[in-house]
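The structure under discussion appears below in the form of structure tokens.
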Amino acid sequence: MLNKKTVDDINVKGKNVLVRCDFNVPVKDGVITDETRITAALPTIRKLVADGGRVILCSHMGKPKGQVKKELSLAPVADRLSELLGQPVKFACDDEVVGVNAKAAAAEMKDGEVILLENTRFRPEEEKNGENLSKDLASLASVYVNDAFGTAHRAHASTAGVTSYVDEAVVGYLMEKEINFLGNAVDDPVRPFAAILGGSKVSSKISVINNLLEKVDVLIIGGGMGYTFVKAAGGSIGKSLLEEDYLEYASEMVKKAEEKGVKLLLPVDCIIASEISDDAETAVSPVNAIPDDKMGLDIGPETIKMFRDAVKDCRTVIWNGPMGVFETPKFAKGTEAIAETLAELDATTIIGGGDSAAAVNQLGFGDKMSHISTGGGASLEFLEGKELPGVAVIAEK
Ligand code: AMP
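Here you go:
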């Protein structure tokens, strides 16, 4: 269980409270196309409003890289938040984030009111954890709440630096929930415990594989990264994704799994094609005998069956990364099958953000999972066993 101070441990009545949220939502033509991250922030905001706090919200959106990019303004989020909260959320429209508008609004606020600052990444100091922005943000409030799990793996001004200049710093309910779900699953799982990893690269998941082999009973590897493992075992993988530099590592992980008694499952068949396109001609191939001019782009029917059977009796399952090039419908069946399998399980099912979360939501299985993390990168770093900088700066209870 998370042992950090939370919004339940403080008294915010009459105080200005700066809340770092993760409002990094997709916006198209000024319209928010997925508001999951906004709704996920509501419990903390509602609690602070109910307690009479003067709530100052801040967040980043996209990657403006320290410049003002109007298409990455948080203005649409303020409008949607007003609707969801049923009360006005004033947008402090300062390009420098903490400017005349934010300062005036913060000074005039009454208990229970809410304002939203502009995209913190409009300031170059944000991603450098710069002192100036940290101090500017802290000048608006005496209490700080970090509820941005999606950026908790980054030490930025609004996620870490700011805590040095406020009286109190705590985590919000979303952060608490994310960490408790992921933490309990990894440290004290109801067994059997399985992890399913996919996505393109072994290199981006090496530490996750290594750490999970210490914890799980079953480790399933699919997606593009699976081919490096198949090649390491002597298979012919054609033009499939390969990371030559990780062949030895893949062999070591297979050996480690054997030593630890972990059942490590790799694909046995796959869907092959010459190109990534919905018009491509496809065939099913054994994963270790792919013709030289073809590549494996999804797991095959035998593998789907094998992966399904492997998790059938599991009581805890964590999934991160697609089983194939799921953006192209022709190569999405494996990913869809895993989403469907987890939706039907009578187990704690945790989806580690990013592509797997998108797939689960698109297929309408969102409410069938125990927990869908709002942070892809953050949940991966958590699964690597690292302490997240945005959590490390919060005091223990
Ligand atoms: P990652 O960012 O490492 O989690 O990987 C996600 C990406 O992996 C998605 O964009 C998928 O299209 C891609 N991917 C999954 N399986 C394969 C594959 N067999 N070949 C190429 N790319 C893949």
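So the sequence shown is numbered by the numbering used here: it starts at 55 and just counts up by one.
Just so it is clear, CB atoms sit at the ideal spot from N, CA and C, and this is done for glycine as well.
Would the beta-carbon of residue i be found less than 7 Å away from any heavy atom of ligand 1?
i	result
Asp-409	yes
Leu-399	no
Glu-381	yes
Leu-320	no
Ser-331	no
Lys-255	yes
Ser-258	yes
Pro-376	yes
Leu-295	yes
Gly-406	no
Leu-266	no
Gly-278	yes
Leu-236	no
Gly-315	no
Leu-351	yes
Gly-252	yes
How close, in whole Å, do the beta carbons of residue i and residue j come, if the pair is a contact with beta carbons under 8 Å?
i	j	result
Ile-92	Phe-77	6 Å
Val-48	Pro-321	Missing from the structure shown is residue 48; the chain here goes from 55 to 451 and no further.
Asp-409	Gly-276	Between Gly-276 and Asp-409 the Cβ distance is about 12 Å, and since that is not below 8 Å, they are no contact.
Phe-235	Lys-269	Not really, about 15 Å apart at Cβ, beyond 8 Å.
Lys-422	Ala-397	4 Å
Val-131	Val-71	So it is not a contact: roughly 18 Å between Cβ atoms.
Thr-403	Ser-424	5 Å
Val-220	Ala-202	Not really, about 16 Å apart at Cβ, beyond 8 Å.
Asn-66	Gly-106	What sits at residue 66 in the sequence shown is Val, not Asn. With a Cβ gap of about 7 Å, Val-66 and Gly-106 count as contacting.
Val-152	Ser-193	7 Å
Just the C-alpha distance for residue i and residue j, rounded to the nearest angstrom, thanks.
i	j	result
Ile-405	Ile-372	6 Å
Ala-239	Thr-205	21 Å
Ala-211	Gly-430	21 Å
Lys-58	Pro-243	21 Å
Ile-263	Ala-214	28 Å
Val-414	Ala-393	6 Å
Phe-436	Leu-187	27 Å
Gly-420	Asp-400	15 Å
Tyr-281	Gly-292	10 Å
Ser-261	Tyr-198	32 Å
Leu-170	Leu-126	14 Å
Gly-388	Glu-312	26 Å
Ala-129	Gly-289	53 Å
Thr-87	Lys-310	43 Å
Asp-148	Ala-158	11 Å
Asp-367	Lys-359	14 Å
Leu-102	Leu-139	12 Å
Met-229	Lys-348	44 Å
Phe-385	Asp-363	21 Å
Val-365	Ala-249	9 Å
Pro-345	Ile-326	9 Å
Lys-255	Asp-323	19 Å
Asn-265	Gly-315	14 Å
Asp-165	Gly-68	5 Å
Cys-112	Glu-222	17 Å
Leu-318	Ala-146	52 Å
Lys-124	Glu-150	12 Å
Asn-459	Ser-427	Residue 459 falls outside the range modelled here, since the chain spans only 55 to 451, and no answer is possible.
So, is residue i buried or exposed, given that buried needs 16 or more other C-beta atoms within 10 angstroms?
i	result
Ser-331	exposed
Glu-185	exposed
Glu-329	exposed
Arg-245	exposed
Val-154	exposed
Ala-449	exposed
Glu-137	exposed
Ser-257	exposed
Pro-118	buried
Val-85	exposed
Ala-156	buried
Asp-352	buried
Lys-259	buried
Met-55	exposed
Determine, using beta carbons only, whether residue i comes closer than 8 Å to chain C.
i	result
Glu-302	No chain C is present in this structure, which holds just one protein chain.
Kindly examine ligand 3 and report whether one of its heavy atoms sits closer than 7 Å to the Cβ of residue i.
i	result
Gly-429	In terms of ligand content, the structure shown lacks ligand 3 and carries ligand 1 instead.
Checklist line | Contiguous beta strand (DSSP E) assignments of at least 3 residues, all confined to the segment 351–385 | finding: The segment 351–385 contains these whole beta strand (DSSP E) runs: 370–374.
Notebook entry, point to check: Of all the alpha helix (DSSP H) runs that stay within the bounds of the segment 196–277, which reach a length of 4 or more residues?
Noted result: Listed in chain order, the complete alpha helix (DSSP H) runs (minimum 4 residues) inside the segment 196–277 are 227–241 and 260–266.
Next item on the list: Starting from the N-terminal side, write out each stretch of the alpha helix (DSSP H) that is 4 residues or longer and does not extend beyond the segment 62–119.
Entry: Inside the segment 62–119, DSSP marks whole alpha helix (DSSP H) runs of 4 or more residues at positions 90–104, from first to last along the chain.
Checklist line | Complete runs of the beta strand (DSSP E) confined to the segment 133–200 [at least 3 residues] | finding: Listed in chain order, they are 143–146, 168–171 and 197–200.
Margin query: Which runs of the alpha helix (DSSP H) at least 4 residues long sit entirely within the segment 385–412? Give them in chain order.
Written below: DSSP runs (the alpha helix (DSSP H)) wholly in the segment 385–412: 387–398.
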